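**Student:**
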Amino acid sequence: MSFLKDKKLPSFLNDFQYKQFLNEVKMLEENTLKDKIHKLALLFVAYTGIRRRELGHICKNDIQENATQYIIKIKGKCSQERFVSIKKSFVGNLLNDLLEHRENMGLNHQYVFSYKKDKPNLHIQTPMKPILQKIKAVQIRGNNLHLLRHSFASFVYRESRDILLTQKALGHASLNNTQIYVHMNEDVHNQVSNFF
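Quick note on the working numbering: the sequence shown kicks off at 16 and runs consecutively.
#1: Any idea what DSSP makes of S189, helix, strand or coil?
#2: Under the DSSP definition of a beta bridge, which residues are partnered with F98?
#3: Terminal residues of the continuous alpha helix (DSSP H) containing Q35?
#4: Tell me whether E80 sits in a helix, a strand or coil according to DSSP, three-state version.
#5: On the premise that L58 lies in contact with F105, defined as a C-beta separation below 8 Å, what is that separation, rounded to the nearest angstrom?
#6: State the Cα-Cα distance for the pair E96 and I78, rounded to the nearest angstrom.
#7: Helix, strand or coil for Y172? Go by DSSP, reduced to three states.
#8: I believe Y196 touches S169 by the beta-carbon criterion, under 8 Å. Please report the beta-carbon distance rounded to the nearest angstrom.
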């Protein structure tokens, strides 16, 4: 089984840690523009599994809404577009408050997660690291946004048992990239071993 030793599985939060993380993020302050951007960014990544770079490129006109959710157009790798959704009840008030706060400051640029410039925020992870270090659920696993992407993928796969759904949610071009979440899933191994 040397192939298992050679391929390092990504870190991720288990279901309990993932839910604990979401609860802790919901308790973060929302006093300043940066507080709001950071909190909303964490919620977007945790609830949609988008990449850091995709997050930084989200524009106001990429966000559409229906009665219960926001549908966000994501510009992924190799300029591929996909859509992700997030419930309004999870981020609606914060998103509206953030956009209003920016407007009151005279910051009418299109990029939702940009601080001041009308440019994508490609360095959003740097100021997030200290915030992630304070969150108990994350401390034992790492402090980067990609941990949340892996946790989202694991959670989606564990809940759905649908590798194609997980692939689409992550925006993977190849199913090979998504299969790692099957290998990470202990329930799959237990289920297979119970066949015998």
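Think of the CB as a built atom: it goes at the ideal place given N, C-alpha and C, for glycine as much as any other residue.
All values derive from a computational prediction rather than experimental measurement.
**Tutor:** Straight from the coordinates:
#1: Numbered from its first residue, the sequence shown carries residue 189 at position 174. If DSSP states are grouped into helix, strand and coil, S189 belongs with coil.
#2: Taking the first residue of the sequence shown as 1, we reach residue 98 at position 83. Bridge partners of F98: K88.
#3: The sequence position of residue 35 within the sequence shown is 20, counting from 1. Where Q35 is concerned, the enclosing alpha helix (DSSP H) stretches over 30-41.
#4: For the purposes of this step, residue 80 is taken as the residue at position 65 of the sequence shown. Looking at E80 - three-state DSSP - the assignment turns out to be strand.
#5: Taking the sequence shown and counting its residues from 1, the one referred to as residue 105 is at position 90. Taking the sequence shown and counting its residues from 1, the one referred to as residue 58 is at position 43. That belief holds up - the Cβ atoms of F105 and L58 are roughly 6 Å apart, short of 8 Å.
#6: On the sequence shown, residue 96 is found 81 positions in, with the first residue counted as 1. On the sequence shown, residue 78 is found 63 positions in, with the first residue counted as 1. Between E96 and I78, the C-alpha separation is close to 13 Å.
#7: Locating residue 172 in the sequence shown gives position 157, where the first residue counts as 1. Helix at Y172.
#8: Taking the first residue of the sequence shown as 1, we reach residue 196 at position 181. Taking the first residue of the sequence shown as 1, we reach residue 169 at position 154. With 8 Å as the limit, Y196 and S169 qualify as a contact, their Cβ atoms being about 6 Å apart.
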